[in-house]
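Under UniProt numbering, the first residue of the sequence shown is numbered 1, with each subsequent residue one higher.
Don't be surprised by glycine CBs; every beta carbon is placed ideally from N, CA and C.
Because the structure is a prediction, the values reported are computed rather than measured.
First the structure, in the form of structure tokens, and then the observations on it.
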Amino acid sequence: MTLETKLAERKEELSEKWADLILQTYPKETQKIWGRQKDRFQNPVGAAIVEATRELLELIIQWQDADKIAAELDRLIRIRSVQDFTPSQAISFVFLLKKLFRDEFFSTMKADGALEDLLRFEAKIDNLAMMSFDIYSKGREQIFRLRVDEVKRAQSSLLRKAGLVADVTVEPSTD
1 MTLETKLAER KEELSEKWAD LILQTYPKET QKIWGRQKDR FQNPVGAAIV EATRELLELI
61 IQWQDADKIA AELDRLIRIR SVQDFTPSQA ISFVFLLKKL FRDEFFSTMK ADGALEDLLR
121 FEAKIDNLAM MSFDIYSKGR EQIFRLRVDE VKRAQSSLLR KAGLVADVTV EPSTD
């Protein structure tokens with residue numbers, strides 16, 4: 001049985017464990033609230049993390065559509081990039097998946113002489129980490145661009161209100 005088959009058979013359990021590992025990266029109080037509340041309306045962030053890990057794990061197992069994988073990664077990264085995480089902490093959830101797989105499969109695969117399969121699959125997770133870094137960087141760049149644009153608009157508005165900006169629109173000539 002291939003590793004992908006084993007993962008597919010246990011994807012619900014594994015995605016829940018992965019979501020739990022991700023939630024453990026948050027402060028204790030947040031973990032309690034998000035771990036206890038399963039309702040998506042009372043706990044939208046926790047529900048989004050659980051849903052995204054489920055979808056992402058399915059896509060990682062199949063490893064066929066990079067755009068879909070990137071879209072699911074983006075969901076998790078957007079949640080984490082607006083919180084008080086450093087860039088490495090924000091994308092650390094990818095490496096938590098590697099940890100989970102090692103915890104779940106290393107011993108049995110070593111005993112079966114199938115560690116190459118695990119290492120091969122871990123290379124996919126490493127690629128996922130690189131994709132995550134690119135997505136995170138683009139998202140942060142977009143956030144900074146929005147902030148700069150907002151400052152420019154506010155400054156322009158203040159200068160107009162203070163009468164320090166002259167309107168230089170040209171009126172049509174009557175000649």
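- By the criterion of at least three beta-carbon pairs nearer than 8 Å, the stretch 104–115 is not in contact with the stretch 129–136.
- In this chain, the alpha helix (DSSP H) harbouring Q89 covers P87 to A90.
- Following the DSSP letters along the chain, one finds W18 inside the alpha helix (DSSP H) bounded by residues K11 to L23.
- Scanning W63, V94, R102 and K99 for the CA closest to the CA of R75 turns up V94.
- In the DSSP assignment, L115 falls within the unbroken alpha helix (DSSP H) covering L115 to K161.
- Residue burial is scored here from C-beta neighbours: V50 has at least 16 other C-beta atoms within 10 angstroms and is therefore classed as buried.
- Exclusion of the five residues before and after A19 leaves I49, V50 and T53 as the residues of its chain whose Cβ lies within less than 6 Å of its Cβ.
- Of the residues assessed, E72 falls on the buried side of the cut-off, its CB having 16 or more other CB atoms within 10 angstroms.
- Scanning its chain for C-beta atoms nearer than 8 Å, with the 5 sequence neighbours on each side dropped, one finds around I22 the residues I49, T53, L76, F93 and L96, in chain order.
- Under the DSSP assignment, T30 falls in the alpha helix (DSSP H) whose first and last residues are K28 to R36.
- Around the beta carbon of R160, fewer than 16 other beta carbons sit within 10 angstroms, so the residue counts as exposed.
- One thing to note: S132 has its Cβ within 8 Å of the Cβ of I91.
- When secondary structure is reduced to three states using DSSP, F41 falls in the coil class, being assigned neither helix nor strand.
- Judged by DSSP secondary structure, L97 falls within the alpha helix (DSSP H) whose first and last residues are F93 to A111.
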